[in-house]
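As numbered in the numbering used here, residues 23 to 322 make up the sequence shown, in order.
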Amino acid sequence: MKIQDKILELKKKKNAIILVHNYQIGEVQDIADLLGDSLDLSRKAQSTTADIILFCGVHFMAEIAKILSPEKMVLLPDVNAGCPLADMAQEDQLKKLKDSHPDAIVVAYVNTSAKIKALADVCCTSANAIKVISQIEREREIIFVPDQWLGAYAAKKLNRELILWPGFCPTHMKIIPEVIIEKKKKHPEACVILHPECREDSLELADEIFGTGGMLKCVKESSKEKFIIGTETGIIYRLKKENPEKEFYPAQELAICPNMKLTTLEKVLWALEEEAYEIKVDEETAQKARSAIEKMLAIR
Ligand code: 13P
23 MKIQDKILEL KKKKNAIILV HNYQIGEVQD IADLLGDSLD LSRKAQSTTA
73 DIILFCGVHF MAEIAKILSP EKMVLLPDVN AGCPLADMAQ EDQLKKLKDS
123 HPDAIVVAYV NTSAKIKALA DVCCTSANAI KVISQIERER EIIFVPDQWL
173 GAYAAKKLNR ELILWPGFCP THMKIIPEVI IEKKKKHPEA CVILHPECRE
223 DSLELADEIF GTGGMLKCVK ESSKEKFIIG TETGIIYRLK KENPEKEFYP
273 AQELAICPNM KLTTLEKVLW ALEEEAYEIK VDEETAQKAR SAIEKMLAIR
């Protein structure tokens with residue numbers, strides 16, 4: 023029996039759903055009940071009727087699922103699948119910053135721990151950051167945590183100042199202007215699509231700026247045939263599968279998130295068999311974090 027069939031069989035028996043982020047390896051993407059960006063996956067985690075949510079992504083994503091569906095069992099196949107960007111925001115530091123800006127609204131990118139979300143007023147993803155921020159009255163100060171580049175991009179788009187946290191995604195930081203310029207020289211007719219977690223000087227070279235969900239939509243709707251993709255390279259598998267007639271070039275071949283790559287089919291099967299690693303969030307933290315996540319999900 024193939025490992026994929028074993029997973030399918032066990033998944034049915036246990037009434038589990040498999041949620042997979044766009045950066046996962048191809049064979050894990052192929053077993054997804056839902057493959058998507060952070061926002062799609064959060065919405066699904068909120069609405070599913072499954073008993074078990076098996077999350078193929080990183081820790082903060084599974085944590086969001088647990089916060090939104092506390093009565094369900096949420097599993098992460100590799101307990102080490104973290105997010106260095108999320109780890110860049112610490113509770114005590116954010117408390118200090120909030121104390122020095124007592125009237126500020128705190129917008130937390132979903133790439134944060136539950137403890138940070140519990141200190142935030144509202145969350146956002148790369149797909150809705152601009153929309154979320156634009157709903158906050160202009161005279162209010164805003165603390166944006168933890169991705170400085172997504173924050174700077176939203177600030178520029180909305181022409182307003184944000185108090186930025188100095189965090190960054192190490193994988194997106196590898197997508198430097200030099201490599202993009204090199205790729206543009208090789209493929210001058212290609213459309214350059216970058217993730218807003220890229221540095222500002224890289225974003226200046228983009229034709230389009232989108233999170234992973236937006237990238238997929240943009241490519242599908244575009245009349246162009248060639249694309250330079252500036253984000254974690256795992257998304258190229260899905261882009262090729264859904265657009266076999268189009269060509270994709272990673273802006274940076276080294277943009278590989280080691281955490282996203284920890285999930286394998288073997289670990290997925292093991293996680294379902296053993297019901298591990300179970301993600302838990304204490305109720306007090308979860309309650310506060312849930313309010314910030316639900317406020318985001320209410321914005322359509
Ligand atoms: P998306 O929400 O665009 O899928 O991004 C998730 C992420 O973690 C980017 O590093």
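Don't be surprised by glycine CBs; every beta carbon is placed ideally from N, CA and C.
- If the five residues before and after G79 are omitted, its C-beta is found closer than 6 Å to the C-beta atoms of H43, all from its own chain and listed in chain order.
- By the CB criterion at 8 Å, N102 and A72 fall outside the cutoff.
- Burial state of G189 is buried, judged by a 10 Å Cβ sphere holding 16 or more other Cβ atoms.
- For E269, no alpha helix (DSSP H) run applies; the uninterrupted beta strand (DSSP E) run containing it begins and ends at 269-272, by DSSP.
- T193 and C146 have their C-alpha atoms roughly 20 Å apart.
- If you draw a straight line from the Cα of L119 to the Cα of I198, it comes to about 30 Å.
- About 5 Å separates the Cβ atoms of A140 and T307, confirming a contact at the 8 Å cut-off.
- A Cβ-Cβ separation of about 7 Å places K268 in contact with V241 under the 8 Å criterion.
- When the five nearest sequence neighbours on each side are left out, the beta carbons in the same chain lying within less than 8 Å of the beta carbon of Y299 are those of L97, L98, P99, D100, V101, A293, in order along the chain.
- Under the three-pair Cβ rule at 8 Å, the stretch 83-95 does not count as touching the stretch 109-119.
- For Y131, the enclosing beta strand (DSSP E) stretches over residues 127-131.
- In this structure, Q115 sits away from I321, with a CB-CB distance that is not shorter than 8 Å.
- CA-to-CA, the gap between V128 and E49 works out to about 38 Å.
- Residue environment analysis places M23 among the exposed positions, since fewer than 16 neighbouring C-beta atoms fall within 10 angstroms of its C-beta.
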